[in-house]
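Okay, structure first, notes after.
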Amino acid sequence: MKKAKEFWIVQKQVADIIQGRILVGHALHNDLKVLLLSHPKKAIRDTSEFELFRREGRRRALKDLAAQILGARIQLKEHCPIEDARAAMFIYNKHKKDWEKSMKSQLRFKEKHRNRRKKKSRGMAKVDVSSTPA
Numbered sequence: 001m002k003k004a005k006e007f008w009i010v011q012k013q014v015a016d017i018i019q020g021r022i023l024v025g026h027a028l029h030n031d032l033k034v035l036l037l038s039h040p041k042k043a044i045r046d047t048s049e050f051e052l053f054r055r056e057g058r059r060r061a062l063k064d065l066a067a068q069i070l071g072a073r074i075q076l077k078e079h080c081p082i083e084d085a086r087a088a089m090f091i092y093n094k095h096k097k098d099w100e101k102s103m104k105s106q107l108r109f110k111e112k113h114r115n116r117r118k119k120k121s122r123g124m125a126k127v128d129v130s131s132t133p134a
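In terms of the UniProt record's numbering, the sequence shown is residues 1 to 134.
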């Protein structure tokens, strides 16, 4: 790999590209892990994680999702990341309205839960144990 770029250069380029954007794909945790990157959960649309696409709570292969949702046959020969990316994007776009509604609902629930915990912790009296007799 004489002309290959250094890992850290590619890592920085990818980080710059995805920053502040919604990331769409399938099993994105694998790609992010390999690149040693993270991305806010609220900005990830992963076809392997979306509840509507799970079967009995289990993740499904992109190949199966593409066949069922798009009526497309993918991954017939060697692995093609471009084909996978396109399939994931088509699946996302087909269900975008319901997906985004679900995301908003999840975020509202988490925010509500977070606010309840803050109120509870503020309501508790603080006790100074340093001056308590032994």
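From the three backbone atoms N, C-alpha and C, an ideal C-beta is built for every residue, glycine too. Model, not experiment: these values are computed from the prediction.
Which residues DSSP lists as bridging residue i, in chain order
i: Gly25; result: Asp46
i: Arg55; result: Arg58
Proximal residues to residue i (C-beta, below 8 Å), its chain only, five neighbours per side dropped
i: Pro81; result: none
i: residue 143; result: What is shown of the chain runs 1 to 134, which leaves residue 143 out entirely.
i: Phe50; result: His95, Trp99 and Ser102
i: Arg60; result: Ser48, Phe53 and Arg54
Unbroken alpha helix (DSSP H) run spanning residue i, endpoints
i: Phe7; result: Phe7 to Ile18
i: Phe90; result: Pro81 to Lys94
i: Leu62; result: Leu62 to Leu65
Inter-residue CB distance, residue i and residue j (contact presumed, cutoff 8 Å)
i: Ile9; j: His39; result: Not confirmed; about 19 Å, so no contact.
i: Ser48; j: His26; result: 5 Å
i: Leu28; j: Asp46; result: 5 Å
i: Val14; j: Leu36; result: So it is not a contact: roughly 10 Å between Cβ atoms.
Nearest candidate by alpha-carbon position, reference residue i, set the options
i: residue 138; options: Lys3, Ile44, Arg58 and Ile74; result: The question about residue 138 has no answer here: the residues shown for the chain are numbered 1 through 134.
i: Ile69; options: Ile91, Lys33 and Gln106; result: Ile91
i: Asn93; options: Leu23, Gln75 and Arg116; result: Leu23
i: Phe53; options: Ala88, Asn30 and Gly20; result: Ala88
i: Arg86; options: Lys3, Leu62, Asp16 and Lys77; result: Leu62
Close Cβ partners of residue i (< 7 Å) along its chain, the five nearest in sequence each way excluded
i: Arg73; result: Ala67
Close beta carbons around residue i, own chain, < 6 Å, minus the five adjacent residues each side
i: Gln75; result: Lys63
i: Gln11; result: Leu35
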